[in-house]
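Quick notes on the structure that follows.
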Amino acid sequence: AGSLPVSPVTEETTLNWGQFLGNRGLEGVSDGKSPRSGNELVLKWEFNISAGTSDWAATPGTPIVAGEYTYCYIGEKLRKFRTEDGVQIASSDAPGDAMFFINIVYGDGKVFVPRYSGGRSFLAAYDADTLKYLGRSESFSLGAQCEGQTLYHDGFVYLCSYGTPATFACFRASDFQDENENIEPVWAFDTEDTDGFAANTGAAFV
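In this note's numbering, the protein residues as written are 337 to 542.
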């Protein structure tokens with residue numbers, strides 16, 4: 337029958353989730369139909385920087401789609417691809433050690449990337465159009481990695497970590513500009529024991 341052209345979906349529907357696990361009020365709910373077999377999958381494009389190597393740190397993080405572009409953290413770089421054909425439009429250095437989950441998020445015309453360097457986690461921001469570096473937050477406590485979901489909602493970005501203490505913090509998206517460093521959270525909650533936030537599904541906004 338041949339393949340039909342596919343246009344990127346920009347409106348928010350139950351097939352196009354604006355944040356982790358779905359839209360507000362529909363978390364984890366989708367009317368999308370998954371393939372029943374491999375024969376129903378068609379490779380549209382691919383990007384690979386680790387062919388012939390076994391470096392797990394080159395494994396892509398969870399990609400996100402904003403407008404007509406796909407963003408993904410791969411190999412200490414934030415990369416921007418044209419969703420239609422996989423052409424890399426831009427990239428930017430985002431140095432740091434790999435974490436088990438690299439969950440980036442889009443909001444306010446920016447892409448926010450949790451990073452881990454020198455034994456400390458922080459949140460870095462990039463212009464979504466050019467991938468210009470826009471600055472980073474202050475660091476979390478020593479040894480605390482951010483493996484929960486990074487979320488954007490109504491002008492604020494939320495980030496959490498595990499460790500002792502663990503931190504759940506809220507940052508104002510507009511504070512990330514002109515390569516500002518050590519941006520402080522609007523508020524932060526620190527645990528007082530070994531409890532932490534790891535691989536959780538993120539916050540609910542009511």
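From the three backbone atoms N, C-alpha and C, an ideal C-beta is built for every residue, glycine too.
Bear in mind the structure is a predicted one, so any value in this text is a computation, not a measurement.
| query | Where do the N-terminal and C-terminal ends of the beta strand (DSSP E) with residue 471 fall, by residue? | reply | Against the sequence shown, residue 471 aligns to sequence position 135. Element bounds for residue 471: 469-473.
| query | Can you give the Cα-Cα distance for residue 381 and residue 422, rounded to whole angstroms? | reply | Numbered from 1 along the sequence shown, position 45 holds the residue referred to as residue 381. Numbered from 1 along the sequence shown, position 86 holds the residue referred to as residue 422. If you take the alpha carbons of residue 381 and residue 422, they lie about 6 Å apart.
| What is the rounded straight-line gap between the Cα of residue 500 and the Cα of residue 476? | To locate residue 500, count along the sequence shown from 1; it is residue 164. To locate residue 476, count along the sequence shown from 1; it is residue 140. If you take the alpha carbons of residue 500 and residue 476, they lie about 11 Å apart.
| request: In angstroms with no decimal places, state the Cα-to-Cα distance between residue 496 and residue 375. | output: Working through the sequence shown from its first residue, we reach residue 496 at position 160. Working through the sequence shown from its first residue, we reach residue 375 at position 39. Taking the straight line joining both Cα atoms gives about 39 Å.
| Where residue 339 falls: helix, strand or coil (DSSP) | Residue mapping note: residue 339 aligns to position 3 of the sequence shown, counting from 1. Below a pLDDT of 50, predicted positions are generally treated as unreliable, and residue 339, at 41, falls in that range; the measurement from the model is reported next regardless. Of the three classes helix, strand and coil, the one that applies to residue 339 here is coil, per DSSP.
| request: To the nearest angstrom, report how far apart residue 425 and residue 372 are at their CA atoms. | output: Residue mapping note: residue 425 aligns to position 89 of the sequence shown, counting from 1. Residue mapping note: residue 372 aligns to position 36 of the sequence shown, counting from 1. Distance between the alpha carbons of residue 425 and residue 372 is about 33 Å.
| Close beta carbons around residue 516, own chain, < 6 Å, minus the five adjacent residues each side | Residue mapping note: residue 516 aligns to position 180 of the sequence shown, counting from 1. Counting only Cβ-Cβ distances below 6 Å, and skipping sequence neighbours, we find 471.
| How is the beta strand (DSSP E) around residue 542 delimited, first residue to last? | Locating residue 542 in the sequence shown gives position 206, counting from the first residue. Premise fails: residue 542 is in no beta strand (DSSP E) and is neither H nor E.
| Helix, strand or coil at residue 514 [DSSP, three-state] | Against the sequence shown, residue 514 aligns to sequence position 178. Looking at residue 514 - three-state DSSP - the assignment turns out to be coil, as it is neither helix nor strand.
| said: I'd like the span of the beta strand (DSSP E) that includes residue 424, first residue to last. | reply: The count along the sequence shown starts at 1 and reaches residue 424 at position 88. Element bounds for residue 424: 424-429.
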